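A short worksheet on the structure shown next.
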Amino acid sequence: MAVLSKFFAKFLGLDVVPANCYETIHVWNPSCTNSLVDIIPNGFKFCLKTYAMFYLISNIVRKGDPRKIDYKRLIKDILRSSTFLTMNMVYLLYFICWHYHRLGFITWPTVSFLPSIIASFLAILIENPNRRPMLALYLTNLASETFYRQLVNHGYLRFIKNGECLVFGIGLMIVTYFYKKYGEKAGEMTKLIKFTHHLDNEKNVLDLKTLHPTIRLWLNFIRKGYTKHNLCEHANSCASIALESGLRNFSYGLMASMALAFLKSIRTPTKLFKNLVNSGNLGLPAFFAALPVMYHLVECGLTRLFNKKCQMIPIIAAGASSSAMVFFPNTSIAMYFLWKGIEMIYFKMAENNLAPRFKYGDILLYALSTGFVLGNVIVEPHAVRKGYLNFLRGLTGDRLDLFNRNIFTKFGFDSNRYYPDFVPNLDLVHQMADDPDFEPTTSSFSDVAVFLKRYQLLFQYPLKDFFKENVHSTFEMAFPEVSKMSAEELLKQMDDQKVDFPELNQFLQQKSKIMLDSPCFVQPFDEIVLPKSIFKGITAKKEQEIRYFAKLIKEYAEINNIKTIVDIGCGKGYLLKILSRFGFNIIGFDGNKELIESARKLHDESAIFVHHFITSESEKLIKSFAIERGPIGIISLHGCGDLQQTITKIYTKLDPSLAPLLLTVGCCYHKRNFENNGWAFSKTIPEILEKAKLIITRPALRLACDLDVNRFISDSKQLERHQNALFFKAIAEKIDPDLSLRNAKLQNWEDFIRIYEKKENSTKNSEFMTKENLEQLLKIYEPFKQTILKYSIMQSLLQPILESLVIGDAYFYLQESGAKAKISSVFPKNVSSKNKVIIAYRQ
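Each number in our numbering corresponds to the 1-based position in the sequence shown with 1347 added.
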């Protein structure tokens, strides 16, 4: 697997994610085979209902009499098409699993487009050959619409209001050209446009004999009372052909709308009247009526204007009639006409030996188009038409919404836009990181080091040194595109990534590619398991952290047959109190005597709490408890500074039979010992940093444990407050490093000057600046207010990358010590920014 992952990552340039098909796709069942068994009954039942209705209505329309239907053939067609659609779904799931089991990891082609194309190709072979061209055209239509949405979503194109009219117009112009040149022999589309636009000049539009006498009188007046040009081929006046064809089409459209409203009300008969009188029912009739009205008005108008008949006039009139779609915007109709027009051109070219003929072109076209659409359903469902998504939801029994799309964001897709808060409830036993064939690699961390070296300006200095170290000047030279945009535009660019900013986009894409972040897969204990009443006195944030972490601890402890939990840095013992409810023996260590006393009051006598400051020499003490009550699982939630390192070292020294499990979440990385590069304790990470010639400073580790860029996604007032606070603290550091304004809530010049003068009066320092000089200095740096905010935003983009370097150091140390380890997110970022847990286990 390691060789293949390097080939895909280095040679093919594809992002590789060490996740399995259970974690990503069939999250409802860990077994690939059983997951297929789960979806087939519902899928086939859905297909039977869909195709039974489709074929029954089609046969009634075609035969005109239900007694003339060949029911034996009808049942055969229903079963065949239902099998085709069901197998398309089954093949897709099967080949996603097949690719994972062959590779041992996932990439975006192997989890989406490649299996989708193969599945669609095999499935269409089952379907009736007579239906293949129609299906191929429909899916090509849908694929082109999806592709356009993707281009708009990623900022390559702009959304055009009523743009479907333009697409519809092109299709109408092509079809009209073929009708005028070749007549109805050109295909069924020419027959359709002859009907919709009333191009049959040999017949009257309406039979006046069937109409009310008053209506007949008025229509006769319009037919005879108005003129027509001598070149016009219709029988009566120009006004009558436009009006009558519009009235005829309106009546047909209204009947169709009423029929659709009736069908919509079959399941809810009480809503029939409401559905029938809905004003939205007038959209289709208005669209259908406006088509011939616009066509004949333009055709007759141009004929009168130029006083001649030419081939371009009906083509222009057909294009103008597409404006009717403003009454009933429908991308499907527009794209259908466009692709039918393209099809007519291609077949005519093939007929004249100007283009090749493909014997199985419909099969290939269906496979590619459907594969593209289904691939997007997996990685970017918001790019696919909602109606088609709902259809697939019915086919899959809503399992389409269960895909773990958080993982696919690693590939650069906005995959979880529809499901921002969804986290699948996974069985940890079956996750990829527990796979014995999974081999960690240093290449991803090497990429991190190279990236950080290139952008080290963003973490060399703390924000308070922004003016003191002239970072403001260097930053604007290093990021000229960022210097020209506002902070709001910068935040928006992170989502849109418009083509106008190539250097910034490169930074964002590289950052996304090498980021070792992962979504949270843990489902927290809900209030049924852990009632809210037991968290009395605990903050909401701490409660959520405990719900998530306790669930993770319980599952891993049960997997490793552990009954005793040792919490190092236990504080008041809130986490251990929750774990004791599940029958665990609990032992807590903390260096704060008052916290230990509080913990003892919270627990019963069976709990053990030891006042002890953990050092590397604490191994013997912990070992004694492990011998007495082991095996133990060692845990730590937000172990500060060097504590995570110390715990990890102790864990590796203990015998695996005594301490098989470690789960630790760190924080405050900047408080680690920096002597002799002491913040890192593995062999691998220092070697990677040395090769990249990168030095990680204390400000870098402070940034690593800071909040990520999501803290800036707020209102403009919040951004302005943050900007002012950063600006005045940086000014204070520039004036006097000993002038501490860390806790001052500064939002304007007056506040700053007032606090500054107050400190001046209290210290009587002769070196303090006068008010005039201070105001002059503030005015010099005022233009850089936005700059420091943008610098802070860019810094925050590096937070998860710097943190992954620190967490990766512990990961490699554990690997070097013979333990199996993984890095995961124990809770979502909105619960706590310090959410990375190191999990280690030994046999």
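Every residue, glycine too, gets a C-beta built ideally from N, C-alpha and C. Being a predicted model, the structure only gives us computed values, none of them experimental.
- Between the segment 1487-1503 and the segment 1678-1693, the count of Cβ pairs shorter than 8 Å is three or higher; the stretches touch.
- By the criterion of a C-beta distance shorter than 7 Å, Lys2081 is surrounded in its chain by Phe1814, Lys1815, once the five residues flanking it on both sides are discounted.
- DSSP, reduced to helix, strand and coil, places Thr1574 outside both helices and strands of the structure shown, so it counts as coil.
- Just so you know, the alpha carbons of Ser1612 and Thr1557 end up roughly 32 Å apart.
- With 16 or more other Cβ atoms inside 10 Å of its own Cβ, Thr2011 counts as buried.
- Here DSSP, grouped into helix, strand and coil, assigns Asp1937 to strand.
- The Cβ-Cβ distance between Phe1798 and Ile1861 falls below 7 Å.
- Inclusion of Ser2164 and Thr1999 in the CB contact set at 7 Å is warranted, their separation being smaller than that value.
- Taking the C-beta atoms as reference points, Thr1430 is found no nearer than 7 Å to Gly1390.
- Around the beta carbon of Glu1835, fewer than 16 other beta carbons lie within 10 angstroms, which makes this residue exposed.
- In the structure shown, the three-state DSSP call for Cys2015 is coil.
- Within 10 angstroms of the beta-carbon of Phe1568 lie fewer than 16 other beta-carbons, which makes it exposed.
- A residue is called buried once 16 or more other Cβ atoms fall within 10 Å of its Cβ, and Lys2181 is buried on that count.
- Going by C-alpha positions, Gly1502 is about 43 Å away from Glu2097.
- In the DSSP assignment, His1819 falls within the alpha helix (DSSP H) that extends over 1818-1825.
- In the three-state reduction of the DSSP assignment, Tyr1642 falls in the helix class, which pools H, G and I.
- Rounded to the nearest whole angstrom, the CA to CA distance from Phe2059 to Leu1838 is 8 Å.
- Per DSSP, reduced to three states, the secondary structure at Phe1814 is coil, with no helix or strand assignment.
- Contact between Ala1671 and Phe1719 fails: their C-beta atoms lie close to 30 Å from each other, not under 8 Å.
- Taken in chain order, the unbroken stretches of alpha helix (DSSP H) that lie wholly in the segment 1454-1535 and span 4 residues or more are 1461-1471, 1479-1500, 1510-1529.
- Ranked by Cα distance from Tyr1398, the options Leu1426, Leu1383, Ala1636, Arg1570 are led by Leu1426.
- At the C-beta level, Ile1912 and Leu1899 stay beyond 7 Å of one another.
- Closest in alpha carbon position to Leu1747, among Arg1449, Leu1736, Asn1753, is Leu1736.
- Your pair Ile1521 and Met1691 checks out as a contact, with CB atoms roughly 6 Å apart and the cut at 8 Å.
- By the CB criterion at 7 Å, Tyr1438 and Ala1466 fall inside the cutoff.
- For the 7 Å CB-CB criterion, Arg1752 and Pro2003 do not form a contact.
- Residue environment analysis places Arg2101 among the exposed positions, since fewer than 16 neighbouring C-beta atoms fall within 10 angstroms of its C-beta.
- Going by DSSP, Phe1956 is part of the beta strand (DSSP E) stretching over 1955-1958.
- In the DSSP annotation of this structure, the continuous segment of the beta strand (DSSP E) that includes Leu1984 starts and ends at 1979-1987.
- Straight-line measurement puts the Cα of Lys1800 at about 7 Å from the Cα of Ala2039.
- If the five residues before and after Leu1619 are omitted, its C-beta is found closer than 6 Å to the C-beta atoms of Ser1612, all from its own chain and listed in chain order.
- Put simply, the backbone Cα of Ile1680 is about 21 Å away from that of Phe1694.
- Judged by pairs of C-beta atoms under 8 Å, the segment 1369-1386 touches the segment 1440-1448, as three or more such pairs exist.
- Per DSSP, the continuous beta strand (DSSP E) segment holding Ile1915 begins and ends at 1911-1915.
- DSSP, read as helix, strand or coil, puts Asn1551 in coil.
- According to DSSP, residue pairing for Ala2168 in a beta bridge involves Ala2187.
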